[in-house]
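Data first, discussion second: the structure below is written as structure tokens.
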Amino acid sequence: MLRSGPTGARNAPALEQINAEVFTLTYGSIVRQLISDYEDIEEVNKQLEQMGYNMGIRLVDEFLAKAKISRCSSFRDTAEVVAKQALPMFLNVSANVTNWSPDQTECSLVLTDNPLADFVELPDEYRELRYCNVLAGVVRGALEMVNMDVECRWAADMLRGDDCYELRLKLKEHRDEKFPYKDDD
Amino acid sequence: MGIACVAFIGPQNNPMYLRSIDPASDDLYMKLHYVIHCSLDAVEEKVMLKRGPGDSQDAYLGLLYPTEDYKVYGYLTNTHIKIILLLDDEGPVKDEAVMRVFRRLHGLYVDTASNPFHKFGLPLSSPRFDGAVDGIVAIYRGAGASQGGFMT
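Now the structure itself:
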């Protein structure tokens, strides 16, 4: 995913840019094509999330290489980094982290603007479609590569009439590092 | 005073959107349909006239023809979408004001067409489009176009 839009976050390192409308229209045609291929909206949602997951596991390396961030000490830090550095770098939008659960494992990333969904108006027959599900998959995939199992789902969607985009992020567990060889060989 | 009716007509002269700003009775609706239909001929005439002497193709066609109640203004995009405005202003109407309205309507159409779920050729039926048309018409009305310009 290349960074779109003419202006960027001030601290984001230089990445190749793509015209925002080309990006939005490309994503729109992907969604349209998926709908006509699968015909079942839940299946389309799952496919979008899977596509996002495949992108996320690759994007995380690019992000960590380009952004010079230190190790995150807690899930709170991780959420802040995703909202304030990763999203601006790739999508040119920044998010706010709110609604922390009491045990600090669940939070909401709130976006007021989403370049994936510019100009989109969901017709009534696609009311169940989670149009931006690819983003949920990207976050899940990226965090899985750094050993955090999270669950990402959309709690609020402007295309469905809510007043912002809210991604609910829930940490399920920290996985231990898996090594491809056994220690006693 | 102001804009009485907005219509969008597609490249094959198929009606895509026809909206009367004041709530219209069925009779009035038929009359508006009729006026818009006649204006299509006027559009073609103007287009042919313009092409003849080698004039540059402008989108804004100006006053197409005045009827007893309305003045009909036309705008033709490069993709042969026609936007027709019916004004019932009594006084002189500023061309720039009408041009600005047309440009905003054109921009609105472009945004709507960029929606991945938009189907070309079918009538436009989104509530967001209706709301935006209302907004554009309100600006024209509010500024009193016959007195001066307004901020776009």
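Quick mapping for you: the protein sequence lines, in order, are chains U and R. Each residue of the first sequence is one higher than the last, beginning at 1 in our numbering. Each residue of the second sequence is one higher than the last, beginning at 1001 in our numbering. Note that the Cβ used here is the ideal one computed from N, Cα and C, for glycine as well.
7 Å Cβ cut-off: residues of chain U touching residue 963 of chain R
Residue 963 of chain R lies beyond the residue range present for chain R, which begins at 1001 and ends at 1152; the question has no answer from this structure.
Could you tell me the distance, in whole angstroms, from the CA atom of residue 1120 of chain R to the CA atom of residue 1109 of chain R?
The count along the second sequence starts at 1 and reaches residue 1120 of chain R at position 120. The count along the second sequence starts at 1 and reaches residue 1109 of chain R at position 109. The straight-line gap from Cα to Cα measures roughly 11 Å.
With a threshold of 16 other CB atoms inside 10 Å of the CB of residue 1034 of chain R, please say whether the residue is buried or exposed.
On the second sequence, position 34 is the one that residue 1034 of chain R refers to. Burial call: exposed.
Any Cβ of chain R within less than 9 Å of the Cβ of residue 151 of chain U?
In the first sequence, the residue the question calls residue 151 of chain U occupies position 151. No, no contact with chain R.
Taking a Cβ distance cut-off of 7 Å, strictly less, list which residues of the stretch 143 to 172 of chain U are near chain R, in chain order.
none
Take the Cβ of residue 48 of chain U as the centre, count every other Cβ of all protein chains shown within 10 Å, and call the residue buried at 16 or more, exposed below.
Residue mapping note: residue 48 of chain U aligns to position 48 of the first sequence, counting from 1. Burial call: buried.
Local Cβ density within 10 Å of residue 130 of chain U, reported as buried at 16 or more and exposed below that
For the purposes of this step, residue 130 of chain U is taken as residue 130 along the first sequence, with counting starting at 1. Buried.
Please report whether the beta-carbon of residue 21 of chain U lies at a distance below 9 Å from any beta-carbon of chain R.
By one-based count along the first sequence, residue 21 of chain U stands at place 21. For residue 21 of chain U, the answer is yes, since a Cβ of chain R falls inside 9 Å of its Cβ.
Please report whether the beta-carbon of residue 181 of chain U lies at a distance below 9 Å from any beta-carbon of chain R.
Locating residue 181 of chain U in the first sequence gives position 181, where the first residue counts as 1. Not an interface residue.
Would you say residue 1104 of chain R lies against chain U (beta-carbon separation less than 9 Å)?
Your numbering for residue 1104 of chain R matches position 104 in the second sequence. Output row for residue 1104 of chain R: interface = no.
Kindly list the residues whose CB is nearer than 6 Å to the CB of residue 96 of chain U, restricted to its own chain and excluding five residues on each side of it in sequence; keep chain order.
Walking along the first sequence from the start, residue 96 of chain U turns up at place 96. Counting only Cβ-Cβ distances below 6 Å, and skipping sequence neighbours, we find 110.
Beta-carbon spacing of residue 150 of chain U, residue 172 of chain U below 9 Å:
Numbered from its first residue, the first sequence carries residue 150 of chain U at position 150. Numbered from its first residue, the first sequence carries residue 172 of chain U at position 172. The answer is yes: Cβ separation under 9 Å.
For the alpha helix (DSSP H) that residue 46 of chain U lies in, which residues bound it at each end?
Against the first sequence, residue 46 of chain U aligns to sequence position 46. Run containing residue 46 of chain U: 41 to 66, per the alpha helix (DSSP H) assignment.
To which residues of the same chain is residue 1102 of chain R closer than 8 Å at the C-beta, ignoring the five residues directly before and after it?
Here the question's residue 1102 of chain R lines up with position 102 in the second sequence. Contacts found: 1059, 1060, 1073, 1075, 1083 and 1085.
Residue of R/1064, R/1006, R/1079 and R/1118 minimising C-alpha distance to residue 1021 of chain R
In the second sequence, counting from the first residue as 1, residue 1021 of chain R sits at position 21. It is R/1006 whose Cα lies nearest to the Cα of residue 1021 of chain R.
Can you tell me whether residue 1068 of chain R is helix, strand or coil according to DSSP?
Locating residue 1068 of chain R in the second sequence gives position 68, counting from the first residue. Three-state result, residue 1068 of chain R: coil.
Is it buried or exposed for residue 179 of chain U, if we count other Cβ within 10 angstroms and need 16 for buried?
On the first sequence, residue 179 of chain U is found 179 positions in, with the first residue counted as 1. Exposed is the call here.
Given a limit of 7 Å on CB to CB distance, which residues of the stretch 1109 to 1143 of chain R reach chain U?
1111, 1114, 1115, 1116, 1117, 1126 and 1128
Taking the alpha-carbon positions, what's the residue 18 of chain U to residue 86 of chain U distance?
Position 18 of the first sequence, counted from the first residue, corresponds to residue 18 of chain U. Position 86 of the first sequence, counted from the first residue, corresponds to residue 86 of chain U. If I take the Cα positions, the gap works out to 17 Å.
Reduced DSSP category for residue 1132 of chain R - H, G, I as helix; E, B as strand; rest coil
As a working note, residue 1132 of chain R is residue 132 in the second sequence. Of the three classes helix, strand and coil, the one that applies to residue 1132 of chain R here is helix, per DSSP.
So, at 6 Å on beta carbons, what are the nonlocal neighbours of residue 133 of chain U in its own chain, with the 5 sequence-adjacent residues on each side left out?
The count along the first sequence starts at 1 and reaches residue 133 of chain U at position 133. Closer than 6 Å at the Cβ level, and outside the excluded window around residue 133 of chain U, lie 45, 48 and 49.
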